[in-house]
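Trainee: Structure incoming, see below.
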Amino acid sequence: MTTMRTNCATLSAALMAATLLAGLPGAASAQATARTLTYQILMGEDPIGTEQVKIELQGDRTKVTVTATTRVKVLFINFRYDHKREEMWKGGVLESMTATTDDDGTPHKMDMARDPGGYQLVVDGKSQQAPASALPLTLWTTDVLKHRELLSVIDAAPYKVASRKIGAETVEAGGKATEAAHHRIEGDVERDLWYAADGTLLKTRFKRSGYDITYVLK
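According to mature numbering (1 follows the signal peptide of the UniProt record, and there is no 0), the stretch in the sequence shown is residues -30 to -1, 1 to 188, in order.
In structure tokens, the structure reads:
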């Protein structure tokens, strides 16, 4: 009888976790209650940094913490970039985001909170409003493909965009070849994105100062 009660309790906990996970955006939808994704950042073929995405269930909310660091040396020029942000999601909707960035010595701080009119933002000490249809350029979730107005995660600069699916491809990510859906964001900002069938971001590619920048899952 004790064993039966234990098994029932375990099953109930598993069903509860599955119910909560069904409401998570993008890559978290089929994952356990905590997951960390680590990406290598490349400029051309050269590694220049890492980005880590930690996804955690907290009751009926999902907390996502993103930490990115890059160090680039081109000829006599050194460039550094450090970024950290926390996102809180509920029911597939972004409730809030805080971000701090050191963009090669220029600091930025951004706070974003949902309100009845959309989102209230405070960027580098200045208040502004964004519509409810806007979303930060947070690429770990496929939700970013559904929005036509995106915001920089550094300073909330607005981007008018459109997304389209390129097709199915096989990519090398996470130490293996994986079937992925290739999508492209075009407009004021451009990104090529490869997502696995469960919504996990496998790879991102874009141009920066004439160089190919790639984020690939380790």
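Glycine included, C-beta positions come from ideal geometry on N, C-alpha and C.
Tell me the DSSP secondary structure of residue 112 in three-state form.
Mentor: Position 142 of the sequence shown, counted from the start, is the residue given in the question as residue 112. Residue 112 falls in the helix class under three-state DSSP.
Trainee: Which of helix, strand or coil does DSSP assign to residue 20?
Mentor: If you number the sequence shown from 1, residue 20 lands on position 50. Correct three-state label for residue 20: strand.
Trainee: From what residue to what residue does the beta strand (DSSP E) around residue 77 run?
Mentor: Sequence index remark: in the sequence shown, residue 77 carries index 107 (1-based). Looking at the DSSP string, the run of the beta strand (DSSP E) that includes residue 77 is 76 to 85.
Trainee: Restricting to Cα atoms, I'd like to know which of 143, 81, 18 and 162 is closest to residue 137.
Mentor: The count along the sequence shown starts at 1 and reaches residue 137 at position 167. Measuring from the Cα of residue 137, the nearest candidate turns out to be 162.
Trainee: With DSSP as the reference, label residue 11 as helix, strand or coil.
Mentor: On the sequence shown, residue 11 is found 41 positions in, with the first residue counted as 1. If DSSP states are grouped into helix, strand and coil, residue 11 belongs with the strands.
Trainee: Considering residue 157, what are the terminal residues of the beta strand (DSSP E) in which it resides?
Mentor: Taking the first residue of the sequence shown as position 1, residue 157 is located at position 187. It spans 146 to 157 - the beta strand (DSSP E) in which residue 157 sits, taken as one unbroken run.
Trainee: For residue 142, which three-state DSSP category applies?
Mentor: On the sequence shown, position 172 is the one that residue 142 refers to. In the structure shown, residue 142 sits in a strand (DSSP, three-state: E or B).
Trainee: Put residue 117 into one of helix, strand or coil per three-state DSSP.
Mentor: As a first step, residue 117 must be located in the sequence shown, where it is residue number 147. Looking at residue 117 - three-state DSSP - the assignment turns out to be coil, as it is neither helix nor strand.
Trainee: Output yes if chain C places a C-beta closer than 9 Å to the C-beta of residue 120; else output no.
Mentor: Any reference to chain C falls outside this structure, which holds one protein chain only.
Trainee: Report the three-state DSSP secondary structure of residue 137 (helix, strand or coil).
Mentor: The residue labelled residue 137 in the question sits at position 167 within the sequence shown. Residue state, collapsed to three classes: strand.
Trainee: Which same chain residues, not among the five before or five after residue 117, have their C-beta less than 6 Å away from its C-beta?
Mentor: Residue 117 sits at position 147 when you count from the first residue of the sequence shown. The residues are 105.
Trainee: What does the alpha-carbon distance come out to for the pair residue 66 and residue 180?
Mentor: Counted from its first residue, the sequence shown places residue 66 at position 96. Counted from its first residue, the sequence shown places residue 180 at position 210. Computed Cα separation, rounded: 33 Å.
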